[in-house]
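Below is one structure, written out as C-alpha cells, with a few remarks after it.
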Amino acid sequence: MSIEALPPEGALRTDVPVLEVEDLSVTFARRGEQPTRAVDGVSFSVAAGETVGLVGESGCGKSVTSLAVMGLLPRRGVQVGGSVRLGGTELLGAPDRTLRRLRGAEMAMVFQDPLSSLNPTVPIGTQVTEVLVEHRDMGKKEAATEAAELLDRVGIPDPTRRLKEYPHQLSGGMRQRALIAMALACSPRLLIADEPTTALDVTIQAQILELLRELVVDSGTALVMITHDLGVVAGLCDRVHVMYAGKVIETADRHDLFARPRQPYTGGLLASVPRLDAGRGIPLTPIRGSARDAIPWAEGCAFAPRCDNAQDDCLTEVAGSTVPLEYDGPGRELRCRHPLTHPSSTAGATSSGSTASGAGR
Amino acid sequence: MTRAGEPLLQVQGLQVHFPIKRGVFVDRTVGHVRAVDGVDLAIDRGTTYGLVGESGCGKSTLGRAVLRLVEPTAGQVLFDGTDVASLRGEALRTMRRRMQMVFQDPLGSLDPRQDVESLLSEPLRAHGLGGGRAGIATRVRELLDAVGLPTAALRRYPHEFSGGQRQRIGIARAISLEPDLLIADEPVSALDVSVQAQVVNLLEELQQRLGLTYLVIAHDLAVVRHISDVVGVMYLGSLVEQAPSGALYDEPLHPYTRALMSAVPVPDPVVEERRERILLAGDLPSPADPPSGCRFHTRCPWRQETRCDDEVPVLRELAPGHLVSCHWAEEIRDGALQPRSAEEVAATQGVSVRATGVEAIESDALVQGLDEPIERR
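Below is the structure:
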C-alpha cells in the first residue's frame, strides 16, 4: 500500500506545515538602555497533528516567541524581525484586521495562569460564546448550545450550569479546561499552549495533558507546547526545540533528545532533574550558576560560562561570529562546538543518511 | 538534652481547623475548614521526612502547626519530648531556636530593606548567640560559606540575587541558629530546573554536615523521593500512606498514591509510553465539607460500594514501616480489584460531588478551599 492510498487520517499529517517560523527575532528597546534581544533567529515549523515543544528555563525567550507568533507583543519599543507564516500567510506586519480574523479562528493560545486570562467580571458562558459569535457568525442561542457542547468536550461536568458561573467559581483545572474550550471553539489549525499546566496539581496536570493529547490525535491540530518541564515534553511532544538565551540550541525528536542529548545544556538539564523512577541517594548533577550568567551570543556561546565541556574556542575565537545551528544527524540540529558524545549509539544516529525534512524547518 | 533512640519530632492526632465566620455585626461560626484533621507522624533524628500532596491538602498548615505559626486545634506536637503546643512566651521562643523554616518564595520571605549581613545576623542577635559583634561577623561569613555564596554578598540586598541565590540566603538564615529540625516548605518549587538541583544538593550536604533533621513539604514527588527517607502522602487533611521512600515508590498501596505517582511525568519518552496511567476524576473536594467515609472515595477508581462511603479507614501497617489507610489495600495490591476509568467514576459519583456541595452548608469562597469550585445558592 502506498502512501497516497492511505485514508484521510493520513492526509492530516501532511508535510505542508501549519506554522512556519523563520529567523524570528524580538528586540525590546527602552530609552536610555541597551536594547535586549529576547529571541534571536528562532526557526521552527509545525505540521498538522504534530506537537512541537519549546523547552527552556525562565528568561530563555520561549514565551516571547509564542507572543510574537500570535502578534500579541506591544508595538512600542518592540522590534520583531523574521517571518511567521500560518498556512502560507505572513503574519508579521499583517494589518490588525487580518490578525484579528485569524486569532481565535485559525490560531489560538492557552495561557499559563487560567485565572488571570479569564475576565473575572463576566460569566464563563459569555466568554466562550463571544468567540463563536465573533468568528462563526452564530446567533446567541446557537452559540450557547455550542458553548455547552465545547465545555462538555473538554470534560467539564454539568456544562449548562457552568456557563452561567464566573471564573472564581471554577477550580483551577476547570478554568484551564474552559480556556482550552475557548481556544478550541473554532477548531483552530494551530494551538499554542504556554505552560498550560504549570499552575496546576499533578493529577489535574495529567488530565489536561491527556485532553491535549486527544485533541491533537482527533482533530489534527498543530500544537506548540511551551514548557520548562522535561517530563511533560517526554510524554507529549514529537519534536523538541531546546532554547537558551533567546536561541534554539538543540532540536531533535523526543526519543533522540532524551536518549542522546548532545548540547551540554540539554544533558545538564536531564541530569539535574530528580526522577521518580530513580533510586534515593543517586546524586543530582546540577548545572553551575544560573541563567543570569549567560553571555551575549556575539561573544561566544551563551552557555559557555556554565558549561563543563566549554573550551577556549567557545569564547574567544568565535567573538563576533555566533556559534551556528548546524545539521547533526537526521532530524537533529545542534548549536555547540563541543557536544556530548554517546559512543555506543552514534553509529545508528549518523549512518542512516539525511532526509529532506530532517532539519525540521 | 538529646535523648537517643527517640524520634526528634512526634506529632500525635494533630488537628488544625479554621473557623468560617459570617455576619456583619456578630461573627457567627458557620463551619470549619479542616485543614489538618488528625495526623500522626514521627521523625527520627538525622532523617528526612517528606510530605507530599496536592495544593489544599493541608501539608503546609501541618508544617506551620509544628512550629506553632498557626495554633493547633487539638493534638500534640512533641519536640524532643516537650509538648510544643503547651509552651508559652519565652519558653516557646527558646524552643523555636531549635526548629527553623525555609519558605517557598525566597524573595517574599526576605526583607527587601535589609542587606544580607543584617538578615543573617538578626536571628543571632535576637537569641543572644554568636558572641558579640565580632563573633557574629565571623559566624555570618561562615554561614555564607556553608551555602556557597561569596563574602561580597554581605552588603547586597535580596533583589540583587537570582532565585537560587535567594533560596541559599533563606537556608543560611535558617541554619544560623544551629537548629535541630528544619522545616522546608516547597524549598525548590519556585526555582528554575537547573537551579533546583543545586538547592537540593545543598540541603543534603548540610544535613550530612550538621546532622539536621528535615521535614520537607513539597508537591513534587520526584524531589521528595530524592531527598526523603520516609514519605507521607496527605489527602484532604489526613495521611493516607506513609512508607520508607523506596518502598513507597516500588509499591504504592493507597489508590491515591498510585494515581499521584502515575501522574508525575518522567523525563524519558520510553518510560512515558510504557507506564500505566491512572487518571482521577474531578477535583479535590472541599476540606470544609469532606466526603464521608474514606475521603478519597469520590475520586477513587477502586471504590467499593458502601464500605468506602461509610467507614473511615484507619492507618494500618501492611509491611514494616509501611502504613496505609485503605480498606482494600491488600486486594488492590494483589490485583483482586480492578480499577475503573475516570469516566466511570465520574458517572457514579457525579464528579467531585462534595466540592460543588449538593446539600452543603452555606458555601462561599471562604468555605470552599481556594482552588475549589464554588456554588452559591
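From first to last, the protein sequence lines stand for chains A and B. Residue numbering for the first sequence follows the UniProt record's numbering, beginning at 1 and increasing consecutively. Residue numbering for the second sequence follows the UniProt record's numbering, beginning at 1 and increasing consecutively. Don't be surprised by glycine CBs; every beta carbon is placed ideally from N, CA and C. Note that the structure is predicted; figures quoted are calculated from it, not measured.
Are residue i and residue j close, meaning C-beta to C-beta below 8 Å?
| i | j | result |
| --- | --- | --- |
| B/Leu191 | B/Gly164 | yes |
| B/Tyr249 | B/Met261 | yes |
| A/Val273 | B/Val193 | yes |
| B/Leu51 | B/Lys59 | yes |
| B/Gln304 | B/Ser189 | no |
| B/Val102 | B/Gly211 | no |
| A/Ser25 | A/Asp40 | yes |
| B/Arg34 | B/Gly237 | yes |
| A/Val128 | A/Ala185 | yes |
| A/Trp297 | A/Ala245 | yes |
| A/Arg306 | A/Ile287 | yes |
| B/Arg307 | B/His327 | yes |
| A/Glu22 | A/Gly82 | yes |
| A/Met225 | A/Leu211 | no |
| A/Asp238 | A/Arg254 | yes |
Distance cutoff 8 Å, beta carbons only. Does residue i sit that close to anything in chain A?
| i | result |
| --- | --- |
| B/Leu221 | yes |
| B/Pro269 | yes |
| B/Ala319 | no |
| B/Pro265 | yes |
| B/Gln76 | no |
| B/Arg354 | Bear in mind that a pLDDT of 36 at B/Arg354, under 50, signals an unreliable position, so the number given afterwards is only what the model happens to contain. Chain A, which has no Cβ nearer than 8 Å to the Cβ of B/Arg354, makes this no. |
| B/Val200 | yes |
| B/Arg225 | yes |
| B/Leu279 | yes |
| residue 381 of chain B | Residue 381 of chain B lies beyond the stretch modelled for chain B, which goes from 1 to 377, so this question has no answer here. |
| B/Glu272 | yes |
| B/Ala152 | no |
| B/Val345 | no |
| B/Glu54 | yes |
| B/Met101 | no |
How is the beta strand (DSSP E) around residue i delimited, first residue to last?
| i | result |
| --- | --- |
| A/Ile226 | Ala222 to Thr227 |
| residue 402 of chain B | Since the first and last residues shown for chain B are 1 and 377, residue 402 of chain B lies out of range. |
| B/Gly75 | Ala74 to Phe79 |
| B/Pro19 | Leu9 to Arg22 |
| A/Lys247 | Lys247 to Asp253 |
| A/Met138 | Looking at the DSSP string, A/Met138 is not in any beta strand (DSSP E), and its letter there is neither H nor E. |
| B/Gly293 | Looking at the DSSP string, B/Gly293 is not in any beta strand (DSSP E), and its letter there is neither H nor E. |
| A/Gln79 | Val78 to Leu86 |
How about residue i: is its C-beta nearer than 8 Å to some C-beta of chain B?
| i | result |
| --- | --- |
| A/His255 | yes |
| A/Phe303 | no |
| A/Asp194 | no |
| A/Phe258 | yes |
| A/Leu19 | no |
| A/Arg292 | yes |
| A/Arg275 | yes |
| A/Ala206 | yes |
| A/Val202 | yes |
| A/Leu12 | At A/Leu12, the pLDDT of 46 sits below 50, so the modelled position is not reliable and the matter cannot be decided from this model. |
| A/Thr160 | no |
| A/Arg171 | In the sequence as presented, Arg is not what sits at residue 171 of chain A; that position holds Ser. Cβ-Cβ to chain B under 8 Å: yes for A/Ser171. |
Tell me which residue opens and which closes the alpha helix (DSSP H) that residue i is part of.
| i | result |
| --- | --- |
| B/Ser60 | Lys59 to Val66 |
| B/His327 | Per DSSP, B/His327 belongs to no alpha helix (DSSP H) and is neither H nor E. |
| B/Tyr249 | Ser245 to Asp250 |
| A/Arg97 | Asp96 to Leu102 |
Might you give, ordered along the chain, the residues of its own chain that have their beta carbon closer than 7 Å to the beta carbon of residue i, omitting 5 neighbours on each side?
| i | result |
| --- | --- |
| B/His127 | Arg97 and Leu177 |
| A/Val216 | Gly49, Thr51 and Leu223 |
| B/Val200 | Val188, Val223, His226 and Ile227 |
| B/Phe18 | His32, Val33 and Ala35 |
| A/Asp313 | Arg337 |
Take residue i and list the residues in its own chain whose beta-carbon comes closer than 6 Å to its own, dropping the five residues that flank it on each side.
| i | result |
| --- | --- |
| A/Pro188 | Glu106, Met107 and Ala108 |
| B/Gln167 | Pro106 and Val199 |
| B/Gln242 | Gly232 and Leu323 |
| B/Ala259 | Ile278 and Leu280 |
| residue 365 of chain A | Any answer about residue 365 of chain A is impossible in this case: the structure gives chain A only from 1 up to 361. |
| A/Ala206 | none |
| A/Pro159 | Ala148, Leu151 and Asp152 |
Excluding the 5 residues flanking residue i on each side, which residues of the same chain have their C-beta closer than 8 Å to its C-beta?
| i | result |
| --- | --- |
| A/Ile249 | Val242, Met243, Gln263, Tyr265, Thr266, Phe303, Leu325, Leu334, Arg335 and Cys336 |
Does the segment 227-236 of chain A touch the segment 263-282 of chain B, meaning 3 or more C-beta pairs lie closer than 8 Å?
Yes, they touch.
Evaluate contact between the segment 108-115 of chain B and the segment 151-161 of chain B, counting only Cβ atoms and requiring at least three cross-stretch pairs below 8 Å.
Segment contact: the segment 108-115 of chain B against the segment 151-161 of chain B, three or more CB-CB distances shorter than 8 Å; contact assigned.
Cβ contact (3+ pairs, closer than 8 Å) linking the segment 92-104 of chain A and the segment 26-46 of chain A:
Short answer: they don't touch.
Check whether the segment 75-85 of chain B and the segment 9-26 of chain B are in contact - that is, three or more C-beta pairs closer than 8 Å.
They touch, by the three-pair rule.
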